[in-house]
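Trainee: Quick one: this structure, given as structure tokens, is what I'll be asking you about.
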Amino acid sequence: MIIAIDGPAASGKGTLARRLAAHYGLHHLDTGLTYRAVAAALLARGLPLGDEAVAVATARNLDLSRLDRDVLSAHEIGEAASRIAVLPGLREELVQLQRRFAMEPPGAVLDGRDIGTVVCPDADVKLFATASPRERAKRRTTELEAKGKPADFDKVLADLERRDQRDANRTVAPLKAAEDAHLLDTSEMDIETAFKAAVDIVDSVYAE
Ligand code: C5P
Numbered sequence: 063m064i065i066a067i068d069g070p071a072a073s074g075k076g077t078l079a080r081r082l083a084a085h086y087g088l089h090h091l092d093t094g095l096t097y098r099a100v101a102a103a104l105l106a107r108g109l110p111l112g113d114e115a116v117a118v119a120t121a122r123n124l125d126l127s128r129l130d131r132d133v134l135s136a137h138e139i140g141e142a143a144s145r146i147a148v149l150p151g152l153r154e155e156l157v158q159l160q161r162r163f164a165m166e167p168p169g170a171v172l173d174g175r176d177i178g179t180v181v182c183p184d185a186d187v188k189l190f191a192t193a194s195p196r197e198r199a200k201r202r203t204t205e206l207e208a209k210g211k212p213a214d215f216d217k218v219l220a221d222l223e224r225r226d227q228r229d230a231n232r233t234v235a236p237l238k239a240a241e242d243a244h245l246l247d248t249s250e251m252d253i254e255t256a257f258k259a260a261v262d263i264v265d266s267v268y269a270e
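Okay, so the sequence shown: first residue is 63 according to this note's numbering, each after it adds one.
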């Protein structure tokens, strides 16, 4: 069983993916962390973000069991991740890694930008989570404040919109909903409501 969840930054897809994986007893991979881990390794070694061969070599050494969300969630790592995510060779390498993860029994929930379109086009269920940019910026600001990192709402909003722009407009695997994805607009939902809506969608696909 493979569940693909795509959507823009702070759309709620990560939390949904984690909770769905726990609910259905599946593995979970936040594919954003794979791009972030490569970006973090390049930044740590002072290597250029535009060098495809170096990025590919770094990706080959990635260990999916050692992705540290706390370290990788840093803002500058997210920015760098979205810059290297335009490199086609790097994407190919990471997609292979992600597909291998998805094939492990009993199956997995993967979340990202291109899971339903590129990584797992045959996923059993595809969800595309969205929320208005203002709502997403509000969530991100609250999240940062909870971590003791006061954030300016307008700056968070501008950052999100810039990253959406870059992710949606790149030529390789841009952020977009697969044609057969179920849209889940979480703007007006708290996480519990969004989770129940997602479970309803997954269960209804399985009841067919
Ligand atoms: O989801 P997250 O914010 O961790 O992703 C960081 C960046 O990695 C995104 O802005 C996007 O550019 C890239 N990414 C991607 N494809 C994925 C997951 C993330 O291009 N499947």
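Ideal Cβ placement from N, Cα and C applies to all residues, glycine included.
(1) Look up Ala136 in the DSSP assignment and say whether it is helix, strand or coil.
(2) Since I believe Val148 is in contact with Val180 (beta carbons under 8 Å), could you give me their beta-carbon distance rounded to a whole number of angstroms?
(3) Mind checking whether Asp68 and Gly178 have CB atoms under 7 Å apart?
(4) Using beta carbons (cut-off 7 Å, strictly below), is Leu111 in contact with chain B?
(5) Distance check for Ala213 and Leu206, CA to CA, integer angstroms please.
(6) Would you say the segment 185-193 touches the segment 235-247, given that touching needs at least three Cβ pairs under 8 Å?
(7) Quick check: the segment 213-233 against the segment 101-110, are at least 3 beta-carbon pairs closer than 8 Å?
(8) If Met63 sits next to Asp186, beta carbons under 8 Å apart, how far is it from one beta carbon to the other, in whole angstroms?
(9) Does the pairing of the segment 161-179 with the segment 82-96 give three or more beta-carbon distances under 8 Å?
(10) Identify every run of the alpha helix (DSSP H) within the segment 190-234, keeping only runs that are complete inside it and at least 4 residues long; order them along the chain.
(11) Tell me, please, which residues DSSP counts as bridged to Asp130.
(12) Going by C-alpha to C-alpha distance, which of Ala71, Leu82 and Leu109 sits closest to Gly94?
(13) Would you kindly work out how many angstroms separate the C-alpha atoms of Tyr97 and Arg153, rounded to a whole number?
(14) Could you give the residue range of the alpha helix (DSSP H) that holds Asp262?
(15) Quick one: complete beta strand (DSSP E) runs, 3+ long, within the segment 88-134?
(16) Kindly examine the ligand C5P and report whether one of its heavy atoms sits closer than 6 Å to the Cβ of Ala71.
Mentor: With the structure as the only source:
(1) coil
(2) That pair is no contact at about 14 Å.
(3) yes
(4) No chain B appears in this structure, which consists of one protein chain only.
(5) 6 Å
(6) yes
(7) no
(8) 5 Å
(9) yes
(10) 195-208 and 215-231
(11) Beta-bridge pairing links Asp130 to no other residue.
(12) Ala71
(13) 9 Å
(14) Ile253 to Ala269
(15) 89-92
(16) yes
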